[in-house]
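Since the structure comes first, as structure tokens, the remarks are kept for the end.
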Amino acid sequence: MTLILGVMISGRGSNLGAILQEISKSRCPASVALVVSNIPGAPGLKIAEKYGVRHIVLEPSDFETRRAYEKQLARIFRSLKVELLVLAGYMRLVGSALLEEYPNKIINIHPSLLPDFKGLDAQRQALAAGVSEAGCTVHVVTEELDDGPILAQSRVPVLPNDSVKSLSDRILKKEHQLLPEVITKIALGEIQLTKG
Ligand code: GRF
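One gets this note's numbering by counting positions in the sequence shown from 1 and adding 34 to each.
What follows is the structure in structure tokens.
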């Protein structure tokens, strides 16, 4: 059974790349029907291209309201029979319109051990707080920023001389494992997405 994914990005797309790599090696029983970027020229679009995955740019500013933008997104994903939406570095809040269309069917990866350090610059927040452990979280998306039921987490140590970059790099390696793992488990029915 292959789980049909829609992936939403805003930038680099390294998590998208990790998903596509695992799919291409037959280690993740899923397929990516479409990659949507809200940012024109996002580098992640090139990754979609490299893997021959359909990709589009859909800019919120071309729509009168966020609702209209999200309804259009939902229409497109539905037309491609997308079953699960994956936010992989998508830097916008998801609103009720998309959540109504894909209830409990949108997941996000965030570079902190939620509920700690929500929002931007999570790795910098972790360093500033002086924690000894950091990591990443995959969770079900709700209308609250970086909230919703936690599906899985992966931990890394914070080292004495860490910079934001060195910590981010260490966390990112874990992200690239965790997100495809969670998608695989959802596809296999080993993780159930329940109401948030
Ligand atoms: C990742 O750190 C992810 O956790 C966060 O945004 C970053 C996206 O990186 N939500 P990339 O675009 O997947 O390389």
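By construction, the Cβ of each residue, glycine as well, lies at the ideal position given by its N, Cα and C atoms.
Under 6 Å Cβ to Cβ from residue i, same chain only, skipping five residues before and after it: list those, please.
i: leucine 79; result: Ser71, His89
i: alanine 156; result: Pro145, Ser146
i: leucine 50; result: Val41, Ile43, Gly78, Ile81, Ala122
i: threonine 218; result: Cys62
For residue i, which three-state DSSP category applies?
i: proline 63; result: coil
i: serine 95; result: helix
i: serine 14; result: This structure leaves residue 14 out entirely; the chain is present only between 35 and 230.
i: leucine 119; result: strand
i: glycine 230; result: Its pLDDT being 45, under 50, glycine 230 is placed unreliably in this model, and the coordinates cannot settle the point.
i: valine 128; result: coil
i: leucine 79; result: helix
i: valine 174; result: strand
i: isoleucine 261; result: Residue 261 lies beyond the stretch modelled for the chain, which goes from 35 to 230, so this question has no answer here.
i: leucine 37; result: strand
i: isoleucine 220; result: helix
i: isoleucine 205; result: helix
i: leucine 107; result: helix
i: serine 200; result: helix
Would you mind sorting residue i into buried or exposed? The rule is 16 or more other CB atoms within 10 Å of its CB.
i: asparagine 195; result: exposed
i: glutamine 211; result: exposed
i: alanine 76; result: buried
i: glycine 182; result: buried
i: aspartate 96; result: exposed
i: leucine 222; result: exposed
i: aspartate 180; result: buried
i: alanine 52; result: buried
i: serine 166; result: exposed
i: glutamate 104; result: buried
i: glutamate 83; result: exposed
i: serine 202; result: buried
DSSP puts residue i in a beta bridge; with which residues?
i: arginine 158; result: For arginine 158, which the question treats as bridged, DSSP gives no partner whatsoever.
i: leucine 190; result: A quick correction: the sequence has valine, not leucine, at residue 190. Answer is Ala168, bridged to valine 190.
i: methionine 42; result: Val70, Leu121
i: asparagine 49; result: Asparagine 49 is not bridged to any residue.
i: leucine 114; result: Note: leucine 114 sits in no beta bridge, so no partner.
i: histidine 144; result: Thr171
i: isoleucine 90; result: Val70
Please go through the same chain and pick out, in chain order, the residues whose beta-carbon is closer than 8 Å to the beta-carbon of residue i, but skip the five residues on each side of it.
i: serine 65; result: Thr36, Leu37, Ile38, Leu39, Ile57
i: leucine 68; result: Gly40, Val41, Val87, Arg88, His89, Ile90, Ile110, Phe111, Leu114, Val116
i: arginine 100; result: Pro94, Gly129, Ala131
Enumerate in chain order the residues of its own chain whose CB-to-CB distance from residue i is below 7 Å, with the five nearest sequence positions on each side excluded.
i: isoleucine 205; result: Pro145, Gln157, Ala168, Gly169, Cys170, Val190
i: lysine 208; result: Gly169, Cys170, Ser188, Val190
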